[in-house]
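Residue numbers (the UniProt record's numbering): 1 to 170. Contents: one structure, followed by commentary.
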């Protein structure tokens, strides 16, 4: 079943558990994805535009080569997930619980990750498209950051104001 079919069926109060699915080349635009439980699923080469992810759970989900543009994540739980070679453009994450999440070779442009909870999260080979004037507003993170080359690790579950200014300057 395609993701669009799941979305369509959800409007009819059909099952919202999406387990062990593979979604390839999905094009989702102007949709609200709410109250889904995604587990052990893979999204490959998918494009999300102006999509609202509200109150979802993602457990052991992989996003490979996906583009997420002008979208928002609100009150989601993202656990043991991998985002590999994904692009986030004008994306806002709010009140999202990230636990044991890896962002590998991801690009962030005008993306806000503030007001979230991070535990055991890793960002590898981070690619920030920053203009000098937007250094502190293109990618904003809460949590304890440890710098290592173009990677950092958020090791504790805490929320305190921290930006990547030190990361991009060093």
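No residue lacks a Cβ here, since even glycine has one placed at the ideal position from N, Cα and C. Values in this document were obtained by computation on a predicted structure and should not be read as measured data.
Check	Outcome
Local conformation of residue 84 per DSSP, three classes	strand
Beta-carbon spacing of residue 31, residue 7 below 8 Å	yes
Whole-number beta carbon distance between residue 78 and residue 47, since they are thought to touch under 8 Å	Between residue 78 and residue 47 the Cβ distance is about 19 Å, and since that is not below 8 Å, they are no contact.
Alpha helix (DSSP H) segment containing residue 3, residue limits	3-10
Pair within 8 Å by beta-carbon distance, residue 74 and residue 94	yes
Assigned exposure category for residue 33 - 16 Cβ within 10 Å defines buried	buried
Residue 70 and residue 88 closer than 8 Å at C-beta	no
Among 20, 116, 124 and 36, nearest to residue 52 - alpha-carbon criterion	36
Per-residue DSSP class, three states only, for residue 96	coil
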